[in-house]
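Residue numbers (my numbering), protein chains in the order written: chain A, 11 to 496; chain B, 57 to 86.
Structure follows, in structure tokens:
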């Protein structure tokens, strides 16, 4: 029988470990650049693993496994979508963004955009900060919601206590150690996630008598459509779903909490190593999540909520200590994303709002770090209240913030790095278009039912940047003053 | 097993890993 106490001991050990790492990291960080990008000293392992742990949230261990459970093989399309997102980020964005931001001395994405577009009136910075802030609040709250769900599912704990527990630990080490603590703990968390998502499907399949056994059991599920990559729909009917799932990958170039990892990587060699590490991790984790979902459909066919599949299968198949480790992996996925997002939201307040906009570089570094810590605390508490107010489906919540950021910043990041003709007005138009289209598309049932909002929002944002940039070309000085290094 | 399952579950991840490995061994930063 699985012992709740043993699971709890494993979980507490993990929590203590990340707090110790947070304290150790806090001793090494100095100044604002230390607190927000670890003085640009990340190596390949920390950079690579921290980027994946930050981008893959509670969604991968709860939502993605749940999709593999509910939708069968037709869920697989998000995997190539996400992995191609990794390729775009690591090959197109990371090397150039690292070099340009190091030359500029920028430490946040709004910072980069402001310098790139010679934003003296703070228009670009303001729009960027507002979008980062709105999306990150929802995003962090979604992570804390996931934490509440995990604790409730495994320990039959009260939802609110689960939210508070996950949130308190995350806020504590983020507040103490800043970017270095977040990145170091990300390495532990990415390791746990890869272990959980890599090992669990193997154990589950072995339990069913091998791949042949699992496939034989799945043949009859959903009227025989479970193993169809179109879900048994006609090609035309499945098109919207397939494009939408592939389109999730379009979100990667626009996530400021992930982009910060590239900005913080030491040099180009470490970017090259980091991307092999990140892509290998992604292959293991994404395929592991979907296949685990498929296996869970056979092992636990009557689950009330598919998002509980991972912790439930772990508790069902594993000895208590290992099950505890797997639950820690689920919690790790939540924490490793929430911490990076809290920090990015805090950086937009401390660096962009206080340091650059309100006091124009006249505040002492020491004070700015204090402001950053207070912001982490305030944002953390706000996110807790948000998470406690209403229990939502984690997947939906995360995808909304994911799309908002992806559509607002993704096209702009790519174009600003690769097209010298991008102007300040084009940048503002692109960010606003991306964000507004995401919200409107999501809110109109006919549209959101037909296609995932990120796809139209991303391309319309790109169109807005190009069109407005071409129209305002002659007026803009930014093009000549601060083109990206090429 | 259908061809699409083989392509999506086996060929794609293998090809991507090979691409990442080869660009790491022989590639440049961008």
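Cβ atoms here follow ideal geometry from the backbone N, Cα and C, with glycine treated the same way.
Secondary structure at residue 310 of chain A, three-state DSSP: helix, strand or coil? The answer is coil: DSSP assigns residue 310 of chain A none of H, G, I, E or B.
Given a limit of 9 Å on CB to CB distance, which residues of the stretch 366-400 of chain A reach chain E? You won't find chain E in this structure, because its protein chains are A and B.
Which residues mark the beginning and the end of the alpha helix (DSSP H) in which residue 155 of chain A is found? Membership of residue 155 of chain A in the alpha helix (DSSP H) is indicated by the continuous run 133-165.
Chain-ordered neighbours of residue 71 of chain B on chain A, where CB pairs are closer than 9 Å: Correct list: empty, because the minimum Cβ distance to chain A is about 10 Å.
Inter-stretch contact (C-beta, 8 Å, three-pair minimum) for the stretch 197-205 of chain A and the stretch 49-64 of chain A: The stretch 197-205 of chain A and the stretch 49-64 of chain A touch, with no fewer than 3 CB-CB distances between them shorter than 8 Å.
Among A:318, A:420, A:478 and A:292, the one whose alpha carbon lies nearest that of residue 80 of chain A: Nearest of A:318, A:420, A:478 and A:292 to residue 80 of chain A, Cα basis: A:318.
Pull the bridge partners of residue 275 of chain A from the DSSP assignment, please. Its beta-bridge partners are A:52.
Does the structure place the stretch 53-60 of chain A close enough to the stretch 267-286 of chain A that three or more beta carbon pairs sit under 8 Å? Between the stretch 267-286 of chain A and the stretch 53-60 of chain A there are three or more C-beta pairs closer than 8 Å, enough to call the two in contact.
Please compile the residues from chain B whose C-beta is within a distance smaller than 8 Å of the C-beta of residue 98 of chain A. Taking a Cβ-Cβ threshold of 8 Å, none of the residues of chain B is close to residue 98 of chain A; the smallest such distance is about 12 Å.
Taking the alpha carbon of residue 228 of chain A as the point to measure from, which residue in A:333, A:82 and A:430 has its own alpha carbon closest? Closest option to residue 228 of chain A, Cα to Cα, is A:82.
Whole alpha helix (DSSP H) runs in the stretch 225-271 of chain A with 4 or more residues, listed along the chain? Unbroken alpha helix (DSSP H) stretches of 4 residues or longer found wholly inside the stretch 225-271 of chain A: 245-257, given in chain order.
Can you pull the chain A neighbours of residue 74 of chain B, defined as C-beta to C-beta under 8 Å? In chain order: nothing, as chain A lies at least about 11 Å away.
For residue 41 of chain A, which residues of its own chain have a beta-carbon under 6 Å away from its beta-carbon, when the five flanking residues on both sides are left out? Spatial neighbours of residue 41 of chain A in its own chain (CB-CB distance under 6 Å, excluding positions within 5 residues in sequence) are listed in chain order as 375.
For residue 155 of chain A versus residue 320 of chain A, is the C-beta distance shorter than 9 Å? At least 9 Å separates the beta-carbon of residue 155 of chain A from that of residue 320 of chain A.
Run down chain A in chain order and give the residues with a C-beta less than 7 Å from the C-beta of residue 68 of chain B. Within chain A, 90 have C-beta atoms less than 7 Å from the C-beta of residue 68 of chain B, given in sequence order.
Residues of its chain near residue 123 of chain A, where Cβ-Cβ distance is below 8 Å and the 5 sequence neighbours each way are ignored: 129, 134, 135, 138, 422, 426 and 437.
Under 8 Å between beta-carbons, which chain B residues line up against residue 290 of chain A? List them in chain order, please. At a beta-carbon threshold of 8 Å, the residues of chain B lying near residue 290 of chain A are 73 and 76, ordered along the chain.
Using a Cβ cut-off of 8 Å, pull out every chain B residue sitting near residue 239 of chain A, in sequence order please. Within 8 Å Cβ-Cβ: 58, 60, 61 and 64.
Suppose you measure from the CA of residue 294 of chain A to the CA of residue 172 of chain A; what does that come to, to the nearest Å? Between residue 294 of chain A and residue 172 of chain A, the C-alpha separation is close to 28 Å.
Taking 9 Å as the CB-CB limit, is residue 83 of chain B close to chain A? It does; some Cβ of chain A falls within 9 Å.
Residue 431 of chain A, DSSP secondary structure in three states: DSSP places residue 431 of chain A in coil when its eight states are reduced to three.
Let me confirm a value: residue 455 of chain A is counted as buried when at least 16 other C-beta atoms fall within 10 Å, else exposed. Which label applies? Burial call: exposed.
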